[in-house]
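Reviewing the structure listed below.
Residue numbers (this note's numbering), protein chains in the order written: chain A, 241 to 355; chain B, 1260 to 1371.
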């Protein structure tokens, strides 16, 4: 079975400071990992993904994530937070040993960036 | 530009009504998905389809059915709506084999 955990319901950070939103995963094979962002009353927007290759993945809006196989983590990071980054963030995983096409999503982390 | 559209942004129905939620994508994607999103529970997969007329149950299919008669359209059906089906419903589509999913804006359904 595949699953992800987002251990923090909410993350607060001051504008200009670095931010990290945590994600750990559990799969039986090699994972595909994704980060999505959701603004209020909107659908999810794709930020970045890890399939293979470099462990540091760069995505939209200055976000990046680091794949760490030994710690089974895929934390989302940004060097300098903006107030407009305030939103709900979801980590998702697909297990390559699973022939299904669906993703398993975490419960989401609410990011609040204060001026 | 990639686009997934859902037939309604907000919908209010009464208990026992049959409800249809429609989703259309213009990207020629093989896969389409229906999720429901509830606070504290994240996204939960209801059904998905990997081809026309093909469907697979997700984690919470009870009380729902789906229809995919054309590649671009995936419908979610609540046969007899109940109050515990009040939720945000999100449709998504993707190419197969690990590509990212593209989401519609969501339908916020309230069942009274």
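Where a beta carbon is used, it is the ideal one built from N, C-alpha and C, also for glycine.
At least one CB of chain B lies nearer than 8 Å to the CB of residue 341 of chain A.
Counting other Cβ atoms within 10 Å of its Cβ, residue 311 of chain A stays below 16 and is therefore classed as exposed. A Cβ-Cβ distance of about 12 Å is found for the pair residue 342 of chain A and residue 274 of chain A, leaving them out of contact under the 8 Å criterion.
Closest by C-alpha distance to residue 1339 of chain B, out of B/1314, B/1303, B/1329, B/1279, is B/1279. The segment 1261-1269 of chain B and the segment 292-302 of chain A do not touch, with fewer than 3 CB-CB distances between them shorter than 8 Å. Annotation: the continuous beta strand (DSSP E) that includes residue 1350 of chain B extends over 1346-1353. Taken through DSSP and simplified to helix, strand or coil, residue 350 of chain A comes out as strand. Note that the C-beta distance between residue 285 of chain A and residue 276 of chain A is below 8 Å.
Collapsing the DSSP output to three states places residue 1341 of chain B in coil.
Between residue 355 of chain A and residue 255 of chain A, the alpha-carbon positions lie close to 5 Å from each other. Close partners of residue 348 of chain A in chain B (Cβ separation under 7 Å): 1301. Nearest to residue 1291 of chain B by C-alpha distance, out of B/1356, B/1321, B/1274, B/1341, is B/1356. Taking 7 Å as the cut-off between beta carbons, the residues of the segment 277-309 of chain A near chain B are 282, 283, 284, 286, 289, 291, in sequence order.
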